[in-house]
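Novice: Take a look at this one; I'll ask things after.
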Amino acid sequence: MLNTDNIIRNFPILTRVIKKENSQAIEANQANGKKLVYLDNAATSQKPYSVVEAISSYYLNNNANVHRGVHTLADESTTIFETSKIKIAQFFGAKNNELIFVRNTTEAINGVAYGWGEQNINLEDVIIVSVLDHHSNIVVWQELCKRKKAKLVFVGITSEGKFDEEDFDEKLKKFSGKIKMVALPHVSNALGSTVDLKTIVKKVRDSEKQQVDKVKSQKIRILIDGAQSAPHMKINFNNLGVDFFAFSGHKMLGPMGIGGLLVREELLKSDEMRPWLFGGGMIAEVHESHTIFNDDINERFVAGTPDVASTAGLAAACEYMDNLGMDNVLKHDHELVQYALTELEKDKNIEIVGPKDETRTGSVSFIFKGAHAHDVAQVLDSEGIAVRSGHHCTMPLHTSQKWIATTRASFQVYNSKEDIDALVDGLKKVAKILL
Amino acid sequence: MSDIYQEDLIDEAKNPNNYGEMDNPDLFSTQYNASCGDVITVSVKLSPDKQVIADIKWKGQGCVISQASMSVLSQKVKGLKVSELQKLTQKEVLQELGLDEISVGRVKCLLLGLNAVKKMTSKDE
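Protein chains in written order, with my numbering: chain A, 59 to 493; chain B, 8 to 132.
Dropping the structure here:
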């Protein structure tokens with residue numbers, strides 16, 4: 059396990075108290091509030107000092123627009139932006155060219171739909187997603203399919219809550235020759251199921267080769283929603299074999315408002331993926347009749363002034379994670395997940411949803427029998443424990459499993475087994491009040 | 008905010024008023040709370056002149072707040088003029104529940120029922 063006592067010192071927010079001023083505290087000694095136990099990391103993580111400092115230092119010392127001036131501040135700002143970008147791309151095992159900044163995973167996926175989908179998806183083409191997908195990797199494709207009269211096909215889950223590889227095989231076969239995009243989550247935000255990308259990539263590439271119509275056979279592009287994997291495991295984009303990888307900075311200790319879309323360089327160079335935002339910065343020449351985009355891929359996808367401060371903040375987050383070592387980060391997470399599964403299962407009121415084996419990453423979700431997830435979360439809050447309740451932006455998953463709502467505890471590097479013990483104790487209070 | 012979990016409120020949610028379905032309702036609607044998956048199905052019978060809520064039945068799955076508020080609301084609107092119903096506010100639903108306030112995260116739960124009955128009756132007007 060990581061040394062969480064040391065890590066917590068880097069996260070001032072984790073020492074705050076959750077006060078319930080209007081609460082008629084059940085026990086008198088609760089009146090002064092409870093120490094925060096933050097277990098809603100899959101929604102957003104907390105930020106270490108170094109990230110906040112990178113942002114404030116930029117605004118206090120170096121703020122100027124990038125690539126647009128020759129004065130000292132402009133130089134400093136440009137350098138901060140460019141070195142941060144290099145750091146972030148390296149962290150993800152991608153070439154600098156391959157990283158496009160966006161606000162978050164949702165915007166990254168929308169970018170693919172506009173920059174790639176608009177010119178590559180046609181009538182009756184098929185896009186494959188999974189019921190495990192977050193709404194952001196479903197609704198975007200639904201809308202594109204509507205515009206193009208294409209077909210959206212869902213792959214189901216196994217009884218354990220894992221991505222159903224057999225169903226995937228069947229869909230690849232059934233729609234062979236028509237599939238143009240496979241868009242899947244790396245780690246499910248609702249169930250923690252980890253999709254084995256090596257297997258997925260192999261299946262997709264094999265299916266490309268087996269297309270009946272060799273003349274019209276087409277490439278299948280793979281997009282991976284990495285929002286829930288990037289915070290916990292080493293991503294080596296150039297080894298993954300996927301075409302697009304989307305992530306959010308704010309779930310991996312970075313600031314809100316910055317994330318990335320990684321695109322294989324080949325797709326950018328060949329113009330298969332085009333800019334979807336236009337304006338200043340991304341151009342080479344602008345004439346009244348037409349515009350020539352910037353040759354430099356690094357600039358072609360930066361329309362308008364970028365969020366330099368957040369870029370610096372995200373680079374600081376990558377550095378923080380790097381210092382911990384992503385292998386240690388993943389190990390820490392898996393130990394917490396397994397500990398939570400073991401401890402929660404002892405409670406007869408709790409039904410765990412999703413896989414229970416060592417592949418589960420990031421979170422543990424459950425149904426508290428006899429109480430709604432919102433009520434569970436609200437009572438836990440009175441103990442200072444922050445969890446998420448609801449359908450976690452995975453309505454198709456919840457509907458398919460006939461779950462009204464689930465409660466999710468999700469972890470980060472600063473969480474310890476004591477936090478899970480606090481959760482287990484908190485759930486005893488839930489039973490006392492609600493059952 | 009654990010003080011919202013008073014025993015009478017939990018009782019209200021567990022033993023709700025006007026829970027069920029009716030034959031041949033004049034109005035019928037299902038509302039979802041998109042943020043948490045709560046669902047409420049409401050059936051209404053109107054007076055012959057269509058001005059008054061003659062009877063109401065509802066079914067739903069959700070949290071204590073959404074279920075208890077729909078329960079007290081169903082009592083309140085029975086016999087109420089549709090025009091009066093349209094004027095009901097968040098504050099009045101809170102009052103019916105015996106609460107002074109509710110956290111911002113629970114407003115949608117509180118108003119799920121009210122929005123359902125308002126929506127279904129405004130369509131008919």
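Where is the CB? At the ideal position from N, CA and C, for every residue including glycine.
Short check: CB of Phe160(A) to CB of Ile186(A), under 8 angstroms?
Specialist: By 1-based counting over the first sequence, the position of residue 160(A) is 102. By 1-based counting over the first sequence, the position of residue 186(A) is 128. Position check: residue 160(A) holds Val in this sequence, whereas Phe was assumed. Their beta carbons are not under 8 angstroms apart, which means Val160(A) does not touch Ile186(A) by this criterion.
Novice: Could you tell me whether any Cβ in chain A is nearer than 8 angstroms to the Cβ of Gly105(B)?
Specialist: One-based indexing of the second sequence puts residue 105(B) at position 98. Chain A, which has no Cβ nearer than 8 angstroms to the Cβ of Gly105(B), makes this no.
Novice: Assign Leu438(A) to one of three DSSP states: helix, strand, or coil.
Specialist: One-based indexing of the first sequence puts residue 438(A) at position 380. Correct three-state label for Leu438(A): helix.
Novice: Taking 8 angstroms as the CB-CB limit, is Ser81(A) close to chain B?
Specialist: Your numbering for residue 81(A) matches position 23 in the first sequence. With a pLDDT of only 48 at Ser81(A), under 50, the local geometry of the prediction cannot be trusted, and no value is derived from it.
Novice: Figure out for me which residue from Ser347(A), Val360(A) and Tyr172(A) has the closest Cα to the Cα of Gly339(A).
Specialist: Locating residue 339(A) in the first sequence gives position 281, counting from the first residue. Nearest option by C-alpha distance: Val360(A).
Novice: Just the C-alpha distance for Gln82(A) and Lys153(A), rounded to the nearest angstrom, thanks.
Specialist: As a first step, residue 82(A) is located in the first sequence; it is residue number 24 there, counting from the start. As a first step, residue 153(A) is located in the first sequence; it is residue number 95 there, counting from the start. Because the pLDDT at Gln82(A) is just 48, under 50, the model does not fix this residue reliably, and the value given afterwards should be weighed accordingly. Between Gln82(A) and Lys153(A), the C-alpha separation is close to 56 angstroms.
Novice: Quick test of the definition: if touching needs 3 or more C-beta pairs under 8 angstroms, does the stretch 339-359 of chain A touch the stretch 177-185 of chain A?
Specialist: No, because fewer than three Cβ pairs between the stretch 339-359 of chain A and the stretch 177-185 of chain A fall closer than 8 angstroms, the two stretches do not touch.
Novice: With 8 angstroms as the threshold, decide whether the Cβ of Pro114(B) is near any Cβ in chain A.
Specialist: Translated into positions along the second sequence, residue 114(B) becomes position 107. Checking the sequence, you will find Val at residue 114(B) rather than Pro. Closer than 8 angstroms: no.
Novice: Entirely within the stretch 329-384 of chain A and at least 3 residues each: give me those beta strand (DSSP E) ranges in chain order.
Specialist: Counting whole runs of 3 or more residues, the stretch 329-384 of chain A contains the beta strand (DSSP E) stretches 341-344 and 349-351.
Novice: With a Cβ-Cβ cutoff of 8 angstroms, do Gly151(A) and Phe295(A) count as a contact?
Specialist: For the purposes of this step, residue 151(A) is identified with residue 93 of the first sequence, where counting begins at 1. For the purposes of this step, residue 295(A) is identified with residue 237 of the first sequence, where counting begins at 1. Yes, these two residues count as a Cβ contact at 8 angstroms.
Novice: Relative to the alpha-carbon of Lys98(B), which residue among Asp10(B), Ser110(B) and Val71(B) has its alpha-carbon at the smallest distance?
Specialist: In the second sequence, the residue the question calls residue 98(B) occupies position 91. The candidate whose alpha carbon is nearest that of Lys98(B) is Ser110(B).
Novice: Does DSSP put Ile215(A) in a helix, in a strand, or in coil?
Specialist: The count along the first sequence starts at 1 and reaches residue 215(A) at position 157. Strand, per DSSP.
Novice: Threshold first: 4 residues or longer. Then list the alpha helix (DSSP H) segments lying entirely within the stretch 259-300 of chain A, N to C.
Specialist: Runs found: 295-298.
Novice: From which residue to which residue does the beta strand (DSSP E) around Met77(B) run?
Specialist: Locating residue 77(B) in the second sequence gives position 70, where the first residue counts as 1. From DSSP, Met77(B) is part of no beta strand (DSSP E) but of the alpha helix (DSSP H) over Val71 to Val84.
Novice: Helix, strand or coil for Ser306(A) per DSSP?
Specialist: Reading the first sequence from its first residue, position 248 is the one you call residue 306(A). Looking at Ser306(A) - three-state DSSP - the assignment turns out to be strand.
Novice: Here's the rule: buried if 16 or more other CB atoms are within 10 angstroms of the residue's CB, otherwise exposed. What is Phe426(A)?
Specialist: Here residue 426(A) is taken as the residue at index 368 of the first sequence, counted from 1. That one is buried.
Novice: Use the C-beta contact count for His390(A): other C-beta atoms within 10 angstroms, 16 or more gives buried, fewer gives exposed.
Specialist: Within the first sequence, residue 390(A) is the residue found at index 332, counting from 1. By the neighbour-count rule (16 or more Cβ atoms within 10 Å), His390(A) is buried.
Novice: Is it buried or exposed for Ile138(A), if we count other Cβ within 10 angstroms and need 16 for buried?
Specialist: Start at 1 with the first residue of the first sequence, and residue 138(A) comes out as number 80. Its Cβ being crowded by 16 or more others within 10 Å, Ile138(A) is buried.
Novice: How about Glu323(A) and Asn155(A): are their beta carbons less than 8 angstroms apart?
Specialist: Here residue 323(A) refers to the residue found at position 265 of the first sequence. Here residue 155(A) refers to the residue found at position 97 of the first sequence. Yes, the Cβ-Cβ distance between Glu323(A) and Asn155(A) is below 8 angstroms.
Novice: Thr96(B): which of Leu117(B), Gly112(B), Thr37(B) and Ser78(B) sits nearest, CA to CA?
Specialist: Your numbering for residue 96(B) matches position 89 in the second sequence. Nearest option by C-alpha distance: Leu117(B).
Novice: Return helix, strand or coil for Ser129(B), following the three-state DSSP convention.
Specialist: Translated into the one-based positions of the second sequence, residue 129(B) becomes position 122. Residue state, collapsed to three classes: helix.
Novice: Compare the C-alpha of Lys309(A) against each of Leu438(A), Ala467(A), Leu382(A) and Asn162(A) and name the closest.
Specialist: Along the first sequence, one-based indexing puts residue 309(A) at 251. Of the listed residues, the one whose Cα sits closest to Lys309(A) is Asn162(A).
Novice: Mind listing the chain A neighbours of Ile17(B)? Cutoff is C-beta to C-beta under 8 angstroms, in chain order.
Specialist: The count along the second sequence starts at 1 and reaches residue 17(B) at position 10. Neighbours of Ile17(B) on chain A, chain order: Ile491 and Leu492.
Novice: Of the residues that make up the stretch 53-68 of chain B, which ones have a beta carbon closer than 9 angstroms to any beta carbon in chain A?
Specialist: Cβ contacts with chain A: Gln68.
Novice: Can you tell me which of the three DSSP states Ser142(A) falls into?
Specialist: Taking the first residue of the first sequence as 1, we reach residue 142(A) at position 84. Residue state, collapsed to three classes: helix.
Novice: Rounded to whole angstroms, what's the CA-CA distance from Asn297(A) to Thr164(A)? Just pull it up for me.
Specialist: Mapped onto the first sequence, residue 297(A) falls at position 239. Mapped onto the first sequence, residue 164(A) falls at position 106. Spanning the two alpha carbons is a distance of roughly 23 angstroms.
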